[in-house]
Amino acid sequence: MGSQYYLTTPIYYVNDEPHLGHAYTTVAADALARYMRLRGEDVFFLTGTDEHGQKVERAARERGERPIELADRMVDRFKALWRRLGISNDDFIRTTEDRHKRATQLFFQKIYERGDIYKGTYEGWYCTPCETFIPETQMEEGNICPDCGRPTERLKEESYFFRMSKYQGALLDHIEKHPDFIQPITRRNEIVSFVERGLKDLSISRTSFSWGIPVPGDPRHVMYVWVDALANYITAAGYGQDPERFARYWPANLHLIGKDILRFHAVYWPTLLMAADLQIPEKVFGHGWWTVEGRKMSKSVRNVVEPNRLMDEFGVDAFRYFLLREVPFGLDGDFSRAALIGRINGDLANDLGNLFSRVLAMVDRYQKGMLAGPKEPSGPLSSGAREMTEEVRRLMMEGMAFHRALGRIWDFIGEMNRFVDEKAPWVLSRDKERKGELEGVLNDLGEGLRVVALHLAAFMPGTAKAMWSQLGLPGTPEEQVGEDLWRWGVQQGVREIRKGEALFPRIEKEVAQVGGGSPAPAAEKSGSAGSVKEGALKISIDEFARLDLRVAKVLSADSITGSKKLIKLEVDLGGERRTLLAGIAQTHKPQDLVGKKVIVVANLQPAKLMGIESQGMVLAAVADEKNIVLVVPEGDIPPGTRVK
Ligand code: MSP
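Using my numbering, the final residue of the sequence shown is 1585, and nothing's skipped along the way.
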């Protein structure tokens, strides 16, 4: 049996709803898996869920359910999201499965028998209300727990330890001999200096909670969640249960992870594997971290980006494209709706979508909808296509440079757009003598679009499929895997195109503003008096319902030093106090606002202006800068009342 390309994402904690960050790692891994399969590689792509540990145990208790019930519920959420995002994983592992429990216990046992696990005492700062040890590095001054703000106490707990210190030299040696093991290179250097500072033995069991995999022969202890979690990669490969399968799959070729969990994958994991006498994965790639409009994504700031919401609004493929195109893979990036909409309107609707519909319309008009393969194997677009194909291959397989690969595909799309303009098929069509030339141009364009669709199958599978079918090609790219598929001109014979819907409708500005994104305090944006534009884009009642409009009472109002326009308001939103910034300083005096009831958009993403966070937006009718009128409730009604 041949070898496999074994590729993994991290397994995701079930105590959080899936969000943008989870989608990022998974979509990136999926694009790579799909690309490799199209290249004829035998890919095994694994993702799953990390379900044990004190946090899950506690979250379940707070909800009055069993940990496994919570996990089951959340696993459904993750699986549904992956299905919708078109994730093509070959296996989905849950750490609560029996196969995982068996493999992990065997792994532990093996290291124990080889003498690298011993029993000792773990001493640390313990927060009793949170029932957890707090690492010194996270503790607040005065030994205060960073989570609940209460004092911690010094406690000792019996624990098993992994003799990680013993592997310091071997790990450094491995990293040196395998320069590609940790990527990107900057992260590799960070890990090397961390290891050089000295590895300590690692406490790998707990007795303070029970939601975990019991230590073999000593079930009072459950395994440290990271040992349990990391072992998922060998479980799914068949460790201890299917030696033939394990030999074929292990070592993994790539663990694709975020930079935050690199230390676990590049230090703990390889040393544990060495201790268990197992091979070390070929590569660990730590990608960057997304912020949202300049801020860390967090529940408390209420700026967590939910992939489902974005997909409702913009579609699956636009979201996938944006994730991989916007930020150099490996670096941190910032998410904003404006950037997403910019990509959709520019790259997708304009560059790709227009090219595609223009070419198909011309094939329809000038060739009665019939396309053939290119006549000349070395036609004008062929070398551009070949170079692009080769470069994308290198960027994907060697460097995981998704953004550059997409950029390269778009260079070729640009070349095709220029080719259309230069050749002007509409001019050729007026001259009977030039019929052959016109045919050549359109068939070359058809082949160029086939090659583009093939490349996009990894990134935007739905779009690629639609293009493939509209181009009149048989089946899907995935069904025709093989080196031939990538060759210019391989598609010969005459076929009929099947023109369909536009690939990417433009996002109109009106829609772009619904549901928020970047907040616009009243009157900060120039409005104008006048009638509603004819043909302005309509929104559905569901879209409108996503706005959370509430009555709010102004508790205090202050002008802001350095700002001519903004006033800072403290409002009562029915039991909740919020700070809002309103751009009404030129028309309103702060003291006149106190006690007034206004209408606010309560679910707008917060944003910082003049160093102050605005947590919503006050509604006002804005004729011009000097004529702004606040929208107020007609009668007396309590703050917090919903406006609909
Ligand atoms: N359960 C561990 C992993 C165990 S693997 C043996 C874990 N899970 S997690 O649910 O927190 O998700 C981790 C993945 O999501 C990481 O790859 C992480 O980098 C990614 N992201 C979570 N938030 C992110 C951003 N804001 N931006 C980019 N990726 C981020 O850690």
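Even glycine gets a Cβ: it sits at the ideal position worked out from N, Cα and C. Every value quoted in this text rests on a predicted model; they were computed, and no experiment measured them.
Quiz prompt | Beta-carbon proximity list for D1425, same chain, < 7 angstroms, skipping 5 on both sides | solution = If you ignore the 5 residues before and after D1425, its C-beta comes within less than 7 angstroms of the C-beta of V1431, all in its own chain and listed in chain order.
Practice problem: Mind listing, in chain order, the continuous alpha helix (DSSP H) runs of no fewer than 4 residues lying wholly within the segment 1315-1376? | Solution: Entirely contained in the segment 1315-1376, the alpha helix (DSSP H) runs reaching 4 residues are, in chain order, 1323-1338, 1343-1364 and 1366-1369.
Practice problem: With distances taken Cα to Cα, identify the nearest neighbour of V1136 among G1158, P1092, W1167 and G1110. | Solution: Considering only alpha carbons, the answer is G1110.
Practice problem: Determine the direct distance from the alpha carbon of A1394 to that of M1408, and round the result to whole angstroms. | Solution: Cα to Cα, M1408 sits roughly 6 angstroms from A1394.
Exercise. Would you tell me roughly how many angstroms separate the C-alpha atoms of A1302 and D1513, rounded to the nearest one?
Key: For A1302 and D1513, the distance between alpha carbons rounds to 57 angstroms.
Quiz prompt | W1429 - DSSP class collapsed to helix/strand/coil | solution = The three-state secondary structure of W1429, taken from DSSP, is coil.
Exercise. Kindly provide the ranges of any alpha helix (DSSP H) runs that are 4 or more residues long and lie completely inside the segment 1174-1208, ordered along the chain.
Key: Segments of the alpha helix (DSSP H) lying fully in the segment 1174-1208: 1184-1190.
Exercise. Give the secondary structure of P1269 by DSSP, where H, G and I count as helix, E and B as strand, and everything else as coil.
Key: Coil at P1269, not helix or strand.
Self-check item: CA nearest to the CA of Y1307, picked from L1369, L1264, R1349 and S1323
Solution: The residue with the shortest Cα to Cα distance from Y1307 is L1369.
Exercise. Please classify K1141: is it buried, with 16 or more other beta-carbons within 10 angstroms of its beta-carbon, or exposed?
Key: Of the other Cβ atoms in all chains shown, fewer than 16 fall within 10 Å of the Cβ of K1141; this residue is therefore exposed.
Quiz item: Closest by CA to S1149, which one among C1089, T1127 and S1100?
Solution: The shortest Cα separation from S1149 among C1089, T1127 and S1100 belongs to S1100.
Quiz item: Between the Cα of N1568 and the Cα atoms of A1526, E1554 and G1179, which residue gives the shortest distance?
Solution: Among A1526, E1554 and G1179, the Cα nearest to that of N1568 is on A1526.
Quiz item: Below 8 angstroms, can you find three or more Cβ-Cβ pairs linking the segment 1350-1367 to the segment 1278-1286?
Solution: No, because fewer than three Cβ pairs between the segment 1350-1367 and the segment 1278-1286 fall closer than 8 angstroms, the two stretches do not touch.
Practice problem: Quick one: using the 10 Å Cβ neighbour count with 16 as the cut-off for buried, is R1266 buried or exposed? | Solution: Buried, because 16 or more other Cβ atoms sit within 10 Å of the Cβ of R1266.
Self-check item: A1365 versus D1088, G1310 and V1382, residue with shortest Cα-Cα distance
Solution: Minimum Cα distance to A1365 is reached at V1382.
Practice problem: Give a single yes or no on whether T1093 has its beta carbon closer than 8 angstroms to a heavy atom of the ligand MSP. | Solution: The answer is no for T1093.
Quiz prompt | heavy atom of the ligand MSP below 8 angstroms from T966 C-beta | solution = At least one heavy atom of the ligand MSP falls within 8 angstroms of the beta-carbon of T966.
Quiz prompt | Residues that V1513 bridges to, as DSSP identifies them | solution = One detail in the question is off: residue 1513 reads as Asp in this sequence, not Val. Beta-bridge partners of D1513 (DSSP): K1494 and R1518.
Exercise. Using 8 angstroms as the cut-off, classify the Cβ of N1544 as near or not near the heavy atoms of the ligand MSP, replying yes or no.
Key: No, the Cβ of N1544 stays beyond 8 angstroms of every heavy atom of the ligand MSP.
Quiz item: Hey, L1521 and S1555: beta-carbon distance below 9 angstroms or not?
Solution: It is a contact, given that the beta carbons lie within the stated cut-off.
Quiz item: Can you tell me whether H1196 is buried or exposed, with buried defined as 16 or more other CB within 10 angstroms of its CB?
Solution: With 16 or more other Cβ atoms within 10 Å, it is buried.
Quiz item: In this structure, does DSSP put A1217 in helix, strand or coil?
Solution: Correct three-state label for A1217: coil.
Exercise. Would you grab the beta carbon distance between V1242 and H960 for me? Rounded to a whole angstrom, and I think it's under 8 angstroms.
Key: Contact doesn't hold; Cβ gap of about 13 angstroms is too wide.
Self-check item: Strand pairing of N1568, partner residues [DSSP]
Solution: Beta-bridge annotation (DSSP): N1568 is paired with D1565.
Exercise. Assess, as a yes-or-no matter, whether the segment 1032-1039 is touched by the segment 1074-1084 under the definition of 3 or more beta carbon pairs within less than 8 angstroms.
Key: Here the segment 1074-1084 does not lie against the segment 1032-1039, with fewer than 3 beta-carbon pairs under 8 angstroms apart.
Quiz prompt | Spatial neighbours of Y947 in its chain, beta-carbon cut-off 6 angstroms, leaving aside the 5 residues before and after | solution = Answer for Y947: F985, Y1190, A1193 and N1194, listed in chain order.
Quiz item: Whose C-beta lies closer than 7 angstroms to the C-beta of F1343 among residues of the same chain, with five residues either side of it excluded?
Solution: Correct list, in chain order: A969, A972, L1265 and F1270.
Practice problem: Under 7 angstroms Cβ to Cβ from K996, same chain only, skipping five residues before and after it: list those, please. | Solution: Cβ within range, chain order: N956.
Quiz item: Between which two residues does the alpha helix (DSSP H) carrying S1410 extend?
Solution: Where S1410 is concerned, the enclosing alpha helix (DSSP H) stretches over P1402 to Q1411.
Exercise. Identify the continuous alpha helix (DSSP H) that holds T1528 and give its terminal residues.
Key: Bounds of any alpha helix (DSSP H) do not take in T1528, whose DSSP letter is neither H nor E.
Exercise. Could you tell me whether the Cβ atoms of T988 and W1023 are closer together than 9 angstroms?
Key: In this structure, W1023 lies closer than 9 angstroms to T988 by Cβ.
Quiz prompt | Inter-residue spacing [alpha-carbon to alpha-carbon] between F1019 and I1009 | solution = If I take the Cα positions, the gap works out to 15 angstroms.
Self-check item: Cβ neighbour criterion (16 or more within 10 Å) applied to W1367
Solution: W1367 counts as exposed, since fewer than 16 other beta carbons sit within 10 angstroms of its beta carbon.
Quiz item: Hey, would you say W1167 sits closer than 9 angstroms to F1205, going by beta carbons?
Solution: Yes. Within cutoff.
Self-check item: CB of M1338 within 9 angstroms of CB of R980, strictly
Solution: Between M1338 and R980, the gap from beta carbon to beta carbon is short of 9 angstroms.
Quiz item: Counting pairs of Cβ atoms below 8 angstroms between the segment 1040-1052 and the segment 1080-1094, do you hit three or more?
Solution: These segments do not touch.
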